[in-house]
Every structure is written in C-alpha cells, then in structure tokens.
Amino acid sequence: MPKLVLKFENAILREVPVGEKEVSIGRSPDNGLVIDNPAISHYHARVFNEEGRLMLEDFGSLNGTFVNGQRVKMVTLKPGDSVAIGKHTIIVSDSRDLDGFATGNGGMRPAAPKINETVMLDTKERREFLQKVAAVGESSQVAPARLKVPTLIVRKGKTNQREYSLNDKLTVVGKSAMATVKLKGWFAPRVAAQITRRDDHAYYIGAADKVPTVNGVPIVHPTKLSSGDVIEVAGIELEFVYRD
Amino acid sequence: MAMEMDFGARSDTGCVRENNEDSFRLAPEMNLFALSDGMGGLASGEVASRLAVDTILAHCREAEKKPTLPLAGARIDGVSPESNRLASAVRLANAAVYRAAQQNGAEQRMGATVVAARIVDERMSLAHVGDSRAYRLRGSDLEQLTRDHSFVAEAMRHGHMTEQEAGSSALQSVLIRALGIDPEVEVDVTEELVMDGDTVLLCTDGLTRELSDAQIAAVLGESDDAQEAAERLIDLAKQAGGGDNITAIVVRRAPKLVGAFARIGRLGRWIKNSV
Chain A
1 MPKLVLKFEN AILREVPVGE KEVSIGRSPD NGLVIDNPAI SHYHARVFNE EGRLMLEDFG
61 SLNGTFVNGQ RVKMVTLKPG DSVAIGKHTI IVSDSRDLDG FATGNGGMRP AAPKINETVM
121 LDTKERREFL QKVAAVGESS QVAPARLKVP TLIVRKGKTN QREYSLNDKL TVVGKSAMAT
181 VKLKGWFAPR VAAQITRRDD HAYYIGAADK VPTVNGVPIV HPTKLSSGDV IEVAGIELEF
241 VYRD
Chain B
1 MAMEMDFGAR SDTGCVRENN EDSFRLAPEM NLFALSDGMG GLASGEVASR LAVDTILAHC
61 REAEKKPTLP LAGARIDGVS PESNRLASAV RLANAAVYRA AQQNGAEQRM GATVVAARIV
121 DERMSLAHVG DSRAYRLRGS DLEQLTRDHS FVAEAMRHGH MTEQEAGSSA LQSVLIRALG
181 IDPEVEVDVT EELVMDGDTV LLCTDGLTRE LSDAQIAAVL GESDDAQEAA ERLIDLAKQA
241 GGGDNITAIV VRRAPKLVGA FARIGRLGRW IKNSV
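For the protein sequence lines, the chains are A and B, in the order given.
Sequential numbering from 1 applies to the first sequence in our numbering.
Sequential numbering from 1 applies to the second sequence in our numbering.
As structure tokens, this is what we get:
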C-alpha cells in the first residue's frame, strides 16, 4: 500500500497509508493528514487511488501544492515523488521502502515483507535516523542534568547520613542491607521506597512497602523527580536536588 | 532457604507464522530468565534467538563458578556485579549472533532481540536490546521497565508521533538496535526492586502487539501461579490474532506467609510437589 510520509526539513513527522479511502490534507483536524501550519489551507489537497493509480488533487489552495517543484492542480503520483506544501514535504513511498530506511543493500527486509515482519536498520541507516530525530528533538526533550550531581538531602527523620549523592541506578530507602538511605528504628520498613535512574537519565521514585509522597502527593506509579521535590516516606523527609 | 520464586514460561508460533523464531531459557538456580526474538530468512531467526539465550546462560553459569571471569565490554558504574555480568553476557550474545550471521553470508543475515533478568535478593538486574520487554506488576500497577529500541518508540520519545500513530504505524517493526547487526552493541541495563508479591513479565512483541497493558495486568493479577499466567497470556494473544510468535516468562515473588499460614502453605506445596 502506498504511503505518505510527512516531513519537516529532515524529520519524519508522520506517515499515513493511502488505501481505498482518500487521504485529505489540510489544517483542519478532520483531515486524514493534518498539518497544523498557517501556510496550509484548512482543506488543502487530497490523495486518492483511481484505477490503480495514486492521484493528488489540490483544492485550489492559497499557497499551492508542488510536486517535484511544479505547482499542480491534479497529477498522478509515483513512489519517490516529493510533494511540497508550505514548508512541509510529503514523500510518496511504497510502504515496502520505509522511506529509505532499511532498504540498504543487505538490509533485513525480506523480498515480500509481511505485516509484523521485523526489520533492522543497519549501522549507517541507524546513525542517520538518530541524527534526524535528535536534530528536531532537542526542544521537546529536557536535557538531563549530566554535570550536576543528583542529591538527596535529609530534612527530617533518622538516617545514617545527612545527604546522599545518587550514583547508582537503583537507590533504596529502608532498613534492608541493600538500602543506601538507611532508616533507623525498630519499626522502620525494610524497603520503604525506591529511586531508579532510567534510560532517559532522569530519576524516578516509586512505592515499595510504603507509598511515598512527593510534594504532598502520594506516588503509586513511578514518577520523575525534579530539583526541589520534597519526598516524605516512613517518617523521613528528603529533598531531591541537582547539585552543581 | 532460597527466595520463594514462582516462575513459568511458554512460547508459541502464533496463528500466522510457520515457525517459531522465539527462544527462552530459565535458570532458576540463579534466578536468571532470558528470552529472544530472532529474525532472518530460512532458519536463521531460530538459530539467532537460540544462540542469544544460550550464550547468556552459559556466561552467567561460568561466572557463578569462577567470579573472576573477565567481563566482555566496559564495566558500567552504579550497578551491581550481577548487572555487569548480565550486560557482559548480552554483549557476548551479540558477538555470537554476529559471527553466525557473518558465516551465513550477506543474503542470509540474522539478528535477534533479547531481554534478560536476574534477581538477587530484592534487586533485579535487567538487560535488553531491541523491542522485547520487561514489565513489573506491583499491586494493580503495571509498569513497563524497558524502553523499546524501535523506530516508533524513538519517534514517540521525541514527540514526532503520538501513541496512537505509533500503534498503527507500518514502521512498528523497524528496530534501531538488535543483536547480530554490528560487532558490538550498546546494551541497556537497569536495576529495579522486586518485592514480595511483585510479578515480573518478560515477553516478545508478539504479546504486546496483541494485548493492552490492562489485559496483561488483569491476567498477571488474577492467575494463581506463574505458569498459568504465562499460558493465559499466550492464549489471549492468539485469540487476538496471534500475528507473530509469542513468548512470555512470568516470575512472581511469593508473598511471605507467616505462622500457621506458612505451615499450611508449605504443606500444600509439599503435597503438590510430591504428586
């Protein structure tokens, strides 16, 4: 099935297959392919199948639709065509060709791919892809505080230290031998709470024998910690900060 | 006495594929559990996944006997020796699959995903490459502990795709990391707490493509034992279509029973084991 791959500069934003049903393109949310940009008309164009051919029709849009650089009203599309609408590009792709990824020589793509068939990007394709997502992803991903030291400061309660630098992927609060933040006292829980550093380099607090609160809110599902968060669990109070 | 671990596993070809390219291995004496989803033409996928899990178990078993056994690859800071050993085992699995793929020739490349877990006391080491996953059910809260090394997961993380778009994307099966593609691989290693009553699930994408988190949580929460849970998960995934091979390993840390209940529990288990 042919596919429309929406790109902004080098980043792939979305891809939409074109089957029996036509795909309308425009700014309105009821379009099959929504491009939320003032340069795009509410109902800008449509792509549809006609007698086995893939067609594109511009709805008389203000800023026009360009296929391989030519302004068009109605054209036949073929795989590899580049459709420019405003600053966005739509690449017409045979769904087998995965927009140029995993098509390299010796790629894992079988001759006739089945749905669910797993393919792998080779080294070069992967590098290109990761560069692409990273280039646009900067703004949407909070940069981890790599140079700062994540620290727990004990504000209240009995523990073996006043402060803990978090160096480990798993930090346990409790009386257990594996606990970093060691609780004292007869009735202290073995494992009160856990703090884990995940693959995104952020720290997450989760419940164990006790349900901790972060800034007064009980935490059931592990929750990302931010600098200044105050954790209360098993009678102690900890402040999480990124130290310079 | 060893920890009270209840475990079970099952692998199934599913309803569409002709062969099962998934493999799993359990080494209960080490509380080590691993599964792999192989890929490649002809029998390559089966070979790759089997090679991956066998290499992991062999390396960990050898290290049990000889703790000074050198690690493959650089030591990771901030994790336990067991986590480092597991990462080392996965790197060796990559090398083994890569070598086999090279011998296979260019037309018959092979690869595999892997997820492996080892539990020591309350600490679980997790190592994975690809889109096979680990989950933990604590109470009624199901949490995915691994992040997929897939095209759509990466696109979602960077906000280029919504969860809904990812779910229907034709790019779902594109991995950005797998065993056997390059001579070396980056292994994701995490550590998690596993407490009494927690249930851990390792599974291939054949399961998670067919079942929602809510369905998985319900089966894990309602099943009496781990083997029953693994089997019910596979059956449900097959009912939902079974488009791919499906494999699940379920590990549950039995809640500690006290006093009279413990005695009854032990008696029950003794009777069960004796039959």
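Quick reminder that beta carbons are idealized off the backbone N, C-alpha and C, glycines included.
This one's a predicted model, so the numbers in the text were calculated from it and none came from an experiment.
Cutoff 8 angstroms: residue i Cβ touching any chain A Cβ
| i | result |
| --- | --- |
| residue 86 (chain B) | no |
| residue 30 (chain B) | no |
| residue 178 (chain B) | yes |
| residue 174 (chain B) | yes |
| residue 35 (chain B) | no |
| residue 147 (chain B) | yes |
| residue 216 (chain B) | no |
| residue 213 (chain B) | no |
| residue 160 (chain B) | yes |
| residue 202 (chain B) | no |
| residue 111 (chain B) | yes |
| residue 82 (chain B) | no |
| residue 223 (chain B) | no |
| residue 169 (chain B) | yes |
Own chain residues within Cβ distance below 6 angstroms of residue i, not counting five before or after
| i | result |
| --- | --- |
| residue 92 (chain A) | 77, 79 and 81 |
| residue 294 (chain B) | The first residue shown for chain B is 1 and the last is 275, placing residue 294 (chain B) beyond what the model contains. |
| residue 182 (chain B) | none |
| residue 72 (chain B) | 88, 91 and 92 |
| residue 166 (chain A) | 150 |
| residue 23 (chain A) | 16, 32, 33 and 47 |
| residue 148 (chain B) | 131 |
| residue 3 (chain A) | 15, 17, 93 and 95 |
Integer-rounded CB distance, given that residue j should sit under 8 angstroms from residue i
| i | j | result |
| --- | --- | --- |
| residue 183 (chain A) | residue 213 (chain A) | That belief does not hold up - the Cβ atoms of residue 183 (chain A) and residue 213 (chain A) are roughly 16 angstroms apart, past 8 angstroms. |
| residue 33 (chain A) | residue 16 (chain A) | 5 angstroms |
| residue 119 (chain A) | residue 173 (chain B) | 6 angstroms |
| residue 223 (chain A) | residue 205 (chain A) | 6 angstroms |
| residue 220 (chain A) | residue 202 (chain A) | Actually they do not touch by this definition, with Cβ atoms about 18 angstroms apart. |
| residue 236 (chain A) | residue 174 (chain A) | No, residue 236 (chain A) and residue 174 (chain A) are not in contact; Cβ-Cβ is about 10 angstroms, not under 8 angstroms. |
Chain B residues whose Cβ lies nearer than 9 angstroms to that of residue i
| i | result |
| --- | --- |
| residue 218 (chain A) | The contacting residues do not exist; residue 218 (chain A) stays about 12 angstroms from chain B at best. |
| residue 94 (chain A) | Within chain B, no residue comes near residue 94 (chain A); the closest Cβ sits about 11 angstroms away, beyond 9 angstroms. |
| residue 172 (chain A) | 122, 123 and 193 |
Residue-level contact to chain B via CB, residue i, 8 angstroms cutoff
| i | result |
| --- | --- |
| residue 2 (chain A) | no |
| residue 129 (chain A) | yes |
| residue 12 (chain A) | yes |
| residue 137 (chain A) | With a pLDDT of only 42 at residue 137 (chain A), under the threshold of 50, the placement of this residue in the model should not be trusted; the figure read from the coordinates follows. Judged by the 8 angstroms Cβ criterion, residue 137 (chain A) is in contact with chain B. |
| residue 226 (chain A) | no |
| residue 27 (chain A) | no |
| residue 119 (chain A) | yes |
| residue 110 (chain A) | A caution first: residue 110 (chain A) carries a pLDDT of 36, below 50, which makes its placement in the model unreliable, though a value can still be read off. Output row for residue 110 (chain A): interface = yes. |
| residue 46 (chain A) | no |
| residue 89 (chain A) | no |
| residue 116 (chain A) | Legend: pLDDT at residue 116 (chain A) = 48, less than 50; position of this residue unreliable, no value from coordinates given. |
Beta-carbon neighbours of residue i, restricted to chain B and to distances below 7 angstroms
| i | result |
| --- | --- |
| residue 169 (chain A) | 78, 79, 190 and 191 |
| residue 33 (chain A) | Per Cβ cutoff of 7 angstroms: no residues; residue 33 (chain A) is ~11 angstroms from chain B at best. |
| residue 9 (chain A) | The premise fails here: residue 9 (chain A) is roughly 12 angstroms from chain B at the closest Cβ pair, so nothing lies under 7 angstroms. |
| residue 198 (chain A) | 190 |
| residue 70 (chain A) | Ordered by position in chain B, no residue passes the 7 angstroms Cβ test against residue 70 (chain A), which lies about 28 angstroms from the chain. |
Contact check, residue i vs residue j, beta carbons under 8 angstroms
| i | j | result |
| --- | --- | --- |
| residue 136 (chain B) | residue 145 (chain B) | yes |
| residue 234 (chain B) | residue 204 (chain B) | no |
| residue 16 (chain B) | residue 36 (chain B) | no |
| residue 30 (chain B) | residue 60 (chain B) | yes |
| residue 193 (chain B) | residue 249 (chain B) | no |
| residue 88 (chain B) | residue 50 (chain B) | no |
| residue 168 (chain A) | residue 79 (chain B) | yes |
| residue 6 (chain B) | residue 225 (chain B) | yes |
| residue 97 (chain B) | residue 180 (chain B) | yes |
| residue 195 (chain B) | residue 253 (chain B) | yes |
| residue 57 (chain B) | residue 32 (chain B) | yes |
Beta-carbon neighbours of residue i, restricted to chain A and to distances below 8 angstroms
| i | result |
| --- | --- |
| residue 250 (chain B) | Chain A residues near residue 250 (chain B): none, gap ~21 angstroms exceeds 8 angstroms. |
| residue 195 (chain B) | 191, 208 and 209 |
Partner residues on chain B for residue i, Cβ-Cβ distance less than 8 angstroms
| i | result |
| --- | --- |
| residue 223 (chain A) | Chain B residues near residue 223 (chain A): none, gap ~11 angstroms exceeds 8 angstroms. |
| residue 246 (chain A) | Since the first residue of chain A shown is 1 and the last is 244, residue 246 (chain A) is not available in this structure. |
Interface partners of residue i on chain A, CB under 9 angstroms
| i | result |
| --- | --- |
| residue 121 (chain B) | 176, 177 and 178 |
| residue 8 (chain B) | Those within 9 angstroms of residue 8 (chain B) in chain A number zero; the least Cβ separation is about 25 angstroms. |
Close-in-space but distant-in-sequence residues of the same chain around residue i (CB under 7 angstroms, 5 per side omitted)
| i | result |
| --- | --- |
| residue 219 (chain B) | 229, 232, 233 and 236 |
| residue 178 (chain B) | 111, 112, 113, 129 and 130 |
| residue 42 (chain A) | 26, 27 and 28 |
| residue 167 (chain B) | none |
| residue 217 (chain B) | 137, 140 and 142 |
Sequence-distant residues of its chain with Cβ nearer than 8 angstroms to residue i (five each side left out)
| i | result |
| --- | --- |
| residue 226 (chain A) | 240 |
| residue 82 (chain B) | 118, 120, 123 and 125 |
Closer than 8 angstroms to chain C by CB, residue i
| i | result |
| --- | --- |
| residue 77 (chain A) | Reference to chain C is not applicable here, since the protein chains of this structure are A and B. |
Within chain A, partners of residue i - CB distance below 7 angstroms
| i | result |
| --- | --- |
| residue 165 (chain B) | 14 |
| residue 141 (chain B) | 220 and 221 |
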